[in-house]
Amino acid sequence: MYIVKSNLKTILDARGMSIRQFAEKSGLKFETVRRLYNDKTVQYHRETLAAVCVTLGVGIDELLTIVEVEGTGSGE
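For the record, in the sequence shown the residue sitting at position 60 is 59 according to numbering that gives the first Met the number 0, with numbers rising by one throughout.
1) When you compare the CB positions of I10 and V57, do they come within less than 9 Å of one another, or not?
2) In this structure, how does DSSP classify E69 when only helix, strand and coil are distinguished?
3) What residues are listed by DSSP as bridge partners for V3?
4) For Q20, collect the residues of the same chain with a Cβ closer than 8 Å to its Cβ; drop the 5 residues on either side in sequence, then sort them by chain order.
5) Which whole-angstrom value is the C-beta distance of I18 and V66, which I expect to be below 8 Å?
6) Which residues in the same chain as T64 place their Cβ atom closer than 8 Å to its Cβ, once the five residues preceding and following it in sequence are excluded?
So this is what it looks like as C-alpha cells:
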C-alpha cells in the first residue's frame, strides 16, 4: 500500500521556521499548517498546497512524496 507523506516538517525545520511563523507568512490557518507539519492531513486542498509551495518556493514534489507502507492490515 502507498500513502502520501508531507515533508513540511523537514522543510520548516531546515529553515528554522515554526509552524506559527509559517502560518502567518503563508496566510493559512495554524491548525491547517499543524496538520500538514505533523503529517496528519487527510485531504489536501489545492489552494493550501499552492500557498505552501509558493510561500516556500518549493515544488509539490518536494512537499509531498509517495511512500510504501507495509503491514497495514488491509489484507492485500
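Quick reminder that beta carbons are idealized off the backbone N, C-alpha and C, glycines included. Quick caveat: nothing in here was measured; it's all calculated off a predicted structure.
Judging by the given coordinates:
1) Sequence index remark: in the sequence shown, residue 10 carries index 11 (1-based). Sequence index remark: in the sequence shown, residue 57 carries index 58 (1-based). Closer than 9 Å, so yes.
2) Translated into the one-based positions of the sequence shown, residue 69 becomes position 70. Three-state result, E69: coil.
3) Here residue 3 refers to the residue found at position 4 when the sequence shown is read from its first residue. In DSSP, V3 forms a bridge with I65.
4) The count along the sequence shown starts at 1 and reaches residue 20 at position 21. Excluding sequence neighbours, Q20 sits near nothing in its chain.
5) Start at 1 with the first residue of the sequence shown, and residue 18 comes out as number 19. Start at 1 with the first residue of the sequence shown, and residue 66 comes out as number 67. For I18 against V66, the beta-carbon gap comes to about 22 Å, at or over 8 Å, which does not count as contact.
6) Here residue 64 corresponds to residue number 65 of the sequence shown, with the count starting at 1. Correct list, in chain order: V3, K4, N6.
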